[in-house]
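K.L.:
According to the numbering used here, the sequence shown holds residues 2 to 231 in order.
Positions of the beta carbon are idealized from the N, C-alpha and C atoms, including for glycine.
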Amino acid sequence: MSHAHSAPVLTIDGPSGSGKGTVSARVAGQLGWRLLDSGALYRAVGYAAGMAGLDLSDVDAMARCAEATRIQFRAGAAEGTTRVIVNGHDATDELRTETAGAAASAIAAMAPVRDALVALQLGFRKAPGLVADGRDMGTVIFPDAAFKVFLTASASERAKRRYKQLKEKGLSVTLAGLQREIEARDNRDASRAVAPLKPAADAVIVDTTGMGIDDVVAKVLAVVHPLPAA
Ligand code: DC
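#1: Output the distance between the C-alpha atoms of S3 and R35, rounded to the nearest integer angstrom.
#2: Restricting to Cα atoms, I'd like to know which of I108, S155, G135 and A92 is closest to R65.
#3: May I ask whether a heavy atom of the ligand DC can be found less than 7 Å away from the beta carbon of A49?
#4: Kindly identify the DSSP beta-bridge partner or partners of Q73.
#5: Tell me which residue opens and which closes the beta strand (DSSP E) that G135 is part of.
#6: Kindly examine the ligand DC and report whether one of its heavy atoms sits closer than 7 Å to the Cβ of A202.
#7: Tell me which same chain residues have a C-beta within less than 7 Å of the C-beta of A26, skipping the five on either side of it?
#8: What's the call for E169, buried or exposed, on a 16-neighbour Cβ count within 10 Å?
#9: Taking all protein chains shown into account, do 16 or more other C-beta atoms lie within 10 angstroms of the C-beta of L32, making it buried, or fewer, making it exposed?
#10: Let me know if G213 comes out buried or exposed under the rule of 16 or more other beta-carbons within 10 Å of its beta-carbon.
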């Protein structure tokens with residue numbers, strides 16, 4: 002299928018805590034493009050499955066759940082924030098927890114679950130453009146994207162960032178526990194058979210270890226609007 006006349010896409014893939022979420026939202030805001038937080042879709046399906054009391058290891062049940070779950074994104078009251086509505090319930094806060102992340106990672110390894118979410122993701126591609134945040138945006142969902150970035154950072158830095166975020170939200174976590182969870186989740190995401198976490202061959206790799214958010218945003222925007230050679 003040719004996307005020659007479709008809206009431009011910037012894919013931003015990378016492991017958890019690489020700053021993808023914040024960077025993607027800021028870059029989408031600056032470009033005036035739509036935003037797809039694909040991780041929220043896997044989190045939403047895991048959450049819906051949990052609410053329905055389903056067995057998260059049952060592939061058929063998870064695939065049916067992925068097809069049946071209604072997921073909506075709405076602008077939040079605070080500027081630049083998004084609420085995620087799952088089957089009519091605002092589940093934004095529940096979806097951000099490490100438990101929801103681990104459930105998402107487990108069901109995201111199931112091919113039928115991934116297949117059930119493809120059409121929904123492709124539907125986000127609309128003018129004037131789309132910033133797509135995830136693990137397989139540049140490799141599987143939008144392989145023809147004009148702009149691809151892969152964000153990384155050391156595991157300890159990613160754990161520290163996540164620790165700060167969760168603490169600010171008043172959640173009780175330990176740094177060591179968080180780093181273990183992050184490493185376990187990344188190993189699973191990177192080693193799974195379907196759509197593993199890996200940079201697209203044509204992605205620009207940005208290591209954000211030690212970088213501030215403004216610098217990362219500037220670097221990613223430069224991929225879309227390269228500065229003319231001096
Ligand atoms: O980006 P996140 O932390 O919200 O993602 C949660 C999990 O969902 C992640 O551990 C793996 C899975 N995921 C995926 O497999 N493919 C994506 N495009 C996005 C997320």
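P.N.:
So, from the data block:
#1: Numbered from its first residue, the sequence shown carries residue 3 at position 2. Numbered from its first residue, the sequence shown carries residue 35 at position 34. Per-residue confidence for S3 stands at a pLDDT of 48, beneath the threshold of 50, marking its modelled position as unreliable; the derived number appears in the next sentence. Approximately 21 Å between the Cα atoms of the pair.
#2: Reading the sequence shown from its first residue, position 64 is the one you call residue 65. Nearest of I108, S155, G135 and A92 to R65, Cα basis: I108.
#3: In the sequence shown, residue 49 corresponds to position 48, counting from 1. Answer for A49: no, Cβ out of range of the ligand DC.
#4: Along the sequence shown, one-based indexing puts residue 73 at 72. Answer is I86, bridged to Q73.
#5: For the purposes of this step, residue 135 is taken as residue 134 along the sequence shown, with counting starting at 1. L131 to G135 is the extent of the beta strand (DSSP E) around G135.
#6: Indexing the sequence shown from 1 puts residue 202 at position 201. A202: no, Cβ never under 7 Å from the ligand DC.
#7: As a first step, residue 26 must be located in the sequence shown, where it is residue number 25. Cβ neighbours of A26 beyond the five flanking positions: L36 and G81.
#8: As a position in the sequence shown, residue 169 is number 168, starting the count at 1. So E169 counts as exposed.
#9: Counted from its first residue, the sequence shown places residue 32 at position 31. Buried: at least 16 other Cβ atoms inside 10 Å.
#10: Position 212 of the sequence shown, counted from the start, is the residue given in the question as residue 213. When all chains shown are included, G213 counts as exposed.
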